[in-house]
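A.B. asks: Attaching a single structure in structure tokens format; questions to follow.
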Amino acid sequence: MKIKPAIAAFAVLGVAVLGYAYVRSYPPFTSQFVQTCEKAIQERLTDPSTYQRIDLEDSRRTITWDEFFAEPERAVPESTRRFMMQSARHQPVQYEAVIDYQAQDSVGAIMRERASCTLHSTRSLEAMRRLVRFG
């Protein structure tokens, strides 16, 4: 029976790859929000191919409706606020990602930077995944 050692070797290899990815700050299942944030970072770089994530702090917390509407782009009439609050299926959520990364600048020097992305949403993460797809 050579199948059992092959399955065991495959399992050990899989665990090793996932462990390596996690240690290198590349969790195997990066959220769509973090992927979008990283794409925005890379679009601002002189040479996006040199981008390398060093560290990631990814968080999610429920916020109040006052916090949600405090953003300037959500300056809407009170009637619209009430409608949004009544039609929402969930409390608003703040997604935040703080990413430490390195990349080369225009003269080829390695620079280390920190970027922060924040999103306030009334949609669950599952609903956001269905809305945003990357190829």
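Numbering (my numbering), first residue to last: 498 to 632. All residues carry an ideal CB built from backbone N, CA and C; glycine is no exception.
Please report the straight-line C-alpha distance between VAL590 and LYS499, rounded to a whole angstrom.
C.D. replies: Start at 1 with the first residue of the sequence shown, and residue 590 comes out as number 93. Start at 1 with the first residue of the sequence shown, and residue 499 comes out as number 2. The straight-line gap from Cα to Cα measures roughly 50 Å.
A.B. asks: Along the chain, where does the alpha helix (DSSP H) that runs through VAL595 open and close?
C.D. replies: Along the sequence shown, one-based indexing puts residue 595 at 98. Looking at the DSSP string, VAL595 is not in any alpha helix (DSSP H); the run it does join, the beta strand (DSSP E), is 590 to 601.
A.B. asks: Cutting at 8 Å between CB atoms, please list the residues of its own chain near ARG578, excluding the five before and the five after it.
C.D. replies: Within the sequence shown, residue 578 is the residue found at index 81, counting from 1. Once the five neighbours on either side are set aside, the close Cβ partners of ARG578 are TRP562, PHE566.
A.B. asks: Compute the distance between the beta-carbons of ARG586 and HIS617, then report whether it is under 9 Å.
C.D. replies: Reading the sequence shown from its first residue, position 89 is the one you call residue 586. Reading the sequence shown from its first residue, position 120 is the one you call residue 617. No. Outside cutoff.
A.B. asks: With TYR592 and ARG557 assumed to form a contact (beta carbons below 8 Å), what rounded beta-carbon distance in angstroms separates them?
C.D. replies: Within the sequence shown, residue 592 is the residue found at index 95, counting from 1. Within the sequence shown, residue 557 is the residue found at index 60, counting from 1. Confirmed, Cβ separation roughly 5 Å.
A.B. asks: Could you tell me how far apart the beta carbons of GLU535 and ILE596 are, in whole angstroms, since I believe they sit closer than 8 Å?
C.D. replies: On the sequence shown, residue 535 is found 38 positions in, with the first residue counted as 1. On the sequence shown, residue 596 is found 99 positions in, with the first residue counted as 1. Sure, about 7 Å apart at Cβ, within 8 Å.
A.B. asks: May I ask you to report which of helix, strand or coil DSSP gives ASP563?
C.D. replies: Sequence index remark: in the sequence shown, residue 563 carries index 66 (1-based). ASP563: helix per DSSP, three-state reduction.
A.B. asks: Within 10 angstroms of its Cβ, does ARG580 collect 16 or more other Cβ (buried), or is it exposed?
C.D. replies: To locate residue 580, count along the sequence shown from 1; it is residue 83. In the sequence under discussion, the amino acid at residue 580 is Phe, which differs from the Arg named in the question. Counting Cβ neighbours within 10 Å, PHE580 comes out exposed, since fewer than 16 surround it.
A.B. asks: Look at the alpha carbon of ARG550 and the alpha carbon of SER576, and state the distance between them as a whole number of angstroms.
C.D. replies: Locating residue 550 in the sequence shown gives position 53, where the first residue counts as 1. Locating residue 576 in the sequence shown gives position 79, where the first residue counts as 1. The straight-line gap from Cα to Cα measures roughly 43 Å.
A.B. asks: ARG620 to ASP602, Cα distance in whole Å?
C.D. replies: For the purposes of this step, residue 620 is taken as the residue at position 123 of the sequence shown. For the purposes of this step, residue 602 is taken as the residue at position 105 of the sequence shown. For ARG620 and ASP602, the distance between alpha carbons rounds to 37 Å.
A.B. asks: Taking the alpha carbon of GLU554 as the point to measure from, which residue in ASP544, SER528, GLU564, THR543 has its own alpha carbon closest?
C.D. replies: Counting from 1 along the sequence shown, the entry for residue 554 is found at position 57. Cα-wise, what sits closest to GLU554 is SER528.
A.B. asks: Does the Cβ of ASP552 have 16 or more other Cβ atoms within 10 Å, making it buried, or fewer, making it exposed?
C.D. replies: Position 55 of the sequence shown, counted from the first residue, corresponds to residue 552. By the neighbour-count rule (16 or more Cβ atoms within 10 Å), ASP552 is not buried but exposed.
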